[in-house]
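What follows is a single structure, written as structure tokens, with notes after it.
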Amino acid sequence: MSVRHLWNPWRLLVMRHPDLAADAQAFDALLARTPEGGEVEYDLPQPKWWFLHHLVTHRFVLHGTNEREIEEFRTRANFDAHNVRRVDAVFASDDAIWPIYFAVVNRPVAQSYINWCEHPGNRTSRYLFSIGSDPKAPESWTAGTVYILPSDTFAATPDSRELTSTVPMRPRARLAVEPQDFPFKQQTRGHRKGESVRSVSIRNALRLR
Numbered sequence: 189m190s191v192r193h194l195w196n197p198w199r200l201l202v203m204r205h206p207d208l209a210a211d212a213q214a215f216d217a218l219l220a221r222t223p224e225g226g227e228v229e230y231d232l233p234q235p236k237w238w239f240l241h242h243l244v245t246h247r248f249v250l251h252g253t254n255e256r257e258i259e260e261f262r263t264r265a266n267f268d269a270h271n272v273r274r275v276d277a278v279f280a281s282d283d284a285i286w287p288i289y290f291a292v293v294n295r296p297v298a299q300s301y302i303n304w305c306e307h308p309g310n311r312t313s314r315y316l317f318s319i320g321s322d323p324k325a326p327e328s329w330t331a332g333t334v335y336i337l338p339s340d341t342f343a344a345t346p347d348s349r350e351l352t353s354t355v356p357m358r359p360r361a362r363l364a365v366e367p368q369d370f371p372f373k374q375q376t377r378g379h380r381k382g383e384s385v386r387s388v389s390i391r392n393a394l395r396l397r
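For what it's worth, this note's numbering labels the leading residue of the sequence shown as 189, then goes sequentially.
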């Protein structure tokens, strides 16, 4: 393992990718019995993010939101993950946990997100999660949905796990998620209105609240 992979100066949260060899058949069967565009009837003991991780390694990408009944994803103008380039696209990710965060944070309460996701290449993912409300307050969280999209038309945002597609599409399936399905709920930070990404990152690195 290289020094680069070990180096984590911002002290991002780390999650090791699970070995899903023993679960792949069950995950494939679950998706196969889900009708096109339908809701996954999740009845497996494995964490839901394991199922999503399996899917992103098998030609799917994910979009998390509070909205539960999206039948078609249309392109919309927004800034990219680096907040510098405006893109008219469908947005998704090839990470299994990042979309759950967007699905279960209660957007009207939290109002703003500061977050990051990276894959340093050693079968781990690294994250920063912060919201513009008290992360300990129950009202900061809600039930949401992770949509499973075909990956064919998506392109990567450089140095990010964000993907964009200029082609509208219908989801292959959708997975209902609850706050307890987000593995870093307890480690999510809060930030003040107008606080910068750099300020939140520094507080995270120093483990300051």
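Using N, Cα and C, we set each Cβ at its ideal position, and we do this for glycine too.
Under the three-state reduction of DSSP, which class applies to residue i: helix, strand or coil?
i    : result
L242 : Per the sequence shown, the amino acid found at residue 242 is His instead of Leu. Three-state result, H242: helix.
A361 : strand
L351 : strand
N392 : helix
A344 : strand
State buried or exposed for residue i, treating a residue as buried only when at least 16 other CB atoms are found within 10 Å of its CB.
i    : result
A426 : Nothing about residue 426 can be read from this structure; the chain reaches only from 189 to 397.
E327 : exposed
S387 : exposed
D276 : exposed
R397 : exposed
Smallest Cα separation from residue i: which of the options?
i    : options                   : result
G320 : A298, L240 and R349       : A298
R362 : L396, N254, S387 and W195 : N254
W398 : Y289, L219, A210 and E260 : Outside the modelled stretch of the chain, which goes from 189 to 397, sits residue 398, for which no answer is possible.
V235 : E383, R274, R391 and P367 : According to the sequence provided, residue 235 is Pro. The question's Val does not apply to it. Of the listed residues, the one whose Cα sits closest to P235 is P367.
Y315 : D322, D340, E350 and L337 : E350
G180 : T330, H205, R247 and V388 : The structure shown does not extend to residue 180, since the chain is modelled only from 189 to 397, so the question has no answer here.
Y301 : D322, T245 and W198       : D322
T330 : P296, H307, I336 and S339 : P296
S281 : Y230, P233, R256 and P338 : P338
S318 : T245, W195 and L200       : L200
Considering only residues of the same chain and omitting the five flanking positions on each side of residue i, which have a CB-CB separation below 8 angstroms?
i    : result
D369 : P235, K236, W237, I288 and V292
M357 : E260, F261, V278, L337, P338 and T341
Excluding the 5 residues flanking residue i on each side, which residues of the same chain have their C-beta closer than 6 angstroms to its C-beta?
i    : result
K373 : P367
- Query: Touch check for the segment 269-278 and the segment 344-353: three-plus C-beta pairs under 8 angstroms?
  - Reply: Judged by Cβ distances under 8 angstroms, the segment 269-278 makes contact with the segment 344-353, as three or more pairs qualify.
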